[in-house]
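Input: a single structure, listed below in structure tokens.
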Amino acid sequence: MLFAIGERATRLLRDRFIAAAASHALGLDKIEAIGRAYMGYAHEFPHYFDFCSRFQAHSVSSAPGSHEGACRVLGDEVMGVVVQAIESGKRDGSIRADIGEPVLFATTLWAFTHGLIQLAMAKGTDLATRFGIAIPDLSNYAFGLIRTVAQSTKDSRPPG
Numbered sequence: 003m004l005f006a007i008g009e010r011a012t013r014l015l016r017d018r019f020i021a022a023a024a025s026h027a028l029g030l031d032k033i034e035a036i037g038r039a040y041m042g043y044a045h046e047f048p049h050y051f052d053f054c055s056r057f058q059a060h061s062v063s064s065a066p067g068s069h070e071g072a073c074r075v076l077g078d079e080v081m082g083v084v085v086q087a088i089e090s091g092k093r094d095g096s097i098r099a100d101i102g103e104p105v106l107f108a109t110t111l112w113a114f115t116h117g118l119i120q121l122a123m124a125k126g127t128d129l130a131t132r133f134g135i136a137i138p139d140l141s142n143y144a145f146g147l148i149r150t151v152a153q154s155t156k157d158s159r160p161p162g
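Numbered by this note's numbering, the letters in the sequence shown go through residues 3 to 162 in order.
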């Protein structure tokens, strides 16, 4: 039953990533839209986000046709949307050609964004109270950093 719910959660995440990527022409813009969609998903569906976090944290060999196997396939599809956006950005010149392997960069973006989400969820109030850092400001800053690192010099638009 848990994996049936997880299958629904991961399918929803994949669909949101696809929609976010489709709403932009340039790969770099797709990447930012996907990251923001991930943050929105976590905020809107914290229990789904929690399942996805826990499922991806453990390694299992799942039987084909099982809900667990479907979760794994859908998880790969989620990553595939990000990889396609990176490849698109490398082709259209919005993402640096020397950024490295798309799967490695996608995994790094996932780790970065996932950590940002966890920090926002667990420490958002504390960050605002103690340091005057609002979560929207933190996320805008973080996505600006991603743009700065990934942006091709051919893409003359300023980051953010």
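From the three backbone atoms N, C-alpha and C, an ideal C-beta is built for every residue, glycine too.
Query: Nearest neighbour of K92, chosen from T12, A6, R16 and L30 [CA to CA]; Result: L30
Query: Neighbour-count burial assignment, R18, 16 or more Cβ in a 10 Å radius; Result: buried
Query: contact_flag[the stretch 23-40, the stretch 80-88] where n(CB pairs < 8 angstroms) is 3 or more; Result: yes
Query: C-beta atoms of I148 and L111 nearer than 8 angstroms; Result: yes
Query: CA-to-CA distance, L15 to F53, given in whole angstroms; Result: 12 angstroms
Query: Residue range of the alpha helix (DSSP H) that includes D139; Result: I137 to A152
Query: Beta bridge counterpart(s) of I97 as assigned by DSSP; Result: Q153
Query: Three-state secondary structure assigned by DSSP to A113; Result: helix
Query: Boundaries of the alpha helix (DSSP H) in which E46 is found, first to last residue; Result: G29 to E46
Query: Cβ-based burial, E103 [other Cβ within 10 Å; buried from 16]; Result: exposed
Query: Proximity of S154 and I97 at Cβ, strictly below 8 angstroms; Result: yes
Query: Assigned exposure category for V80 - 16 Cβ within 10 Å defines buried; Result: buried
Query: Outcome for Y43 when other beta-carbon atoms lying within 10 angstroms are tallied against a minimum of 16; Result: buried
Query: Straight-line Cα distance separating A24 from T109; Result: 20 angstroms
Query: H26 - DSSP class collapsed to helix/strand/coil; Result: coil
Query: 8 angstroms Cβ cutoff met for G8 and T115; Result: no
Query: Rounded C-alpha distance that separates A11 from H26; Result: 24 angstroms
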